[in-house]
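K.L.:
Below you'll find the structure I mean.
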Ligand SMILES: [Zn+2]
Ligand SMILES: [Zn+2]
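Residue numbers (my numbering): -19 to 125.
Written as structure tokens, this is what we have:
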């Protein structure tokens, strides 16, 4: 793991650096207890194009390898109201490694979700959205990255 925080943008060497980045960020002010990297169920690929509505808290990832699109986590519930925009790195590239940081409640349900991205072209790290989870039985979300 190696995060370069010296420049204007933090950079990571690999998708694994997203874990350290999300933990450092602590979106919503909550400690990130778990980080799950997104993997395409269709082809096992880990590079995605993204469309996100940051205000609504909804993200769609599309696999670069096979084109399979997935509404991440509970995004499907909000997608009809969302105004998603393509996510683009400051460098202009639009292909990312994706990982989700989960902040857990003491009862082990999910309190907060943050979606971290790493530009495959230049390694710049970013957060494309984060949102609160209100439903109580939310542990299943860990399997819906
Ligand atoms: Zn795929
Ligand atoms: Zn970039």
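Idealized CB from N, CA, C, for every residue including glycine.
1) Cβ of residue 9 within 8 Å of any heavy atom in ligand 1?
2) How would you write the range of the alpha helix (DSSP H) that residue 96 sits in, first residue to last?
3) With 16 as the cutoff for other CB atoms within 10 Å, does residue 43 come out buried or exposed?
4) Name, in chain order, the residues that DSSP records as bridge partners for residue 52.
5) For the putative contact between residue 118 and residue 89, defined by C-beta atoms under 8 Å, what is the C-beta separation to the nearest angstrom?
6) Under 8 Å, with one C-beta from each stretch per pair, do the region -3 to 12 and the region 94 to 111 reach the 3-pair mark?
7) I'd like the list of long-range same chain contacts for residue 15, defined as Cβ closer than 6 Å, with 5 residues on each side in sequence excluded.
8) State the start and end residues of the unbroken alpha helix (DSSP H) segment that holds residue 0.
P.N.:
Short version:
1) no
2) From DSSP, residue 96 is part of no alpha helix (DSSP H) but of the beta strand (DSSP E) over 90 to 99.
3) buried
4) Answer by DSSP bridge pairing: none, since residue 52 is not bridged.
5) 5 Å
6) yes
7) -1, 2, 79, 81
8) -3 to 5
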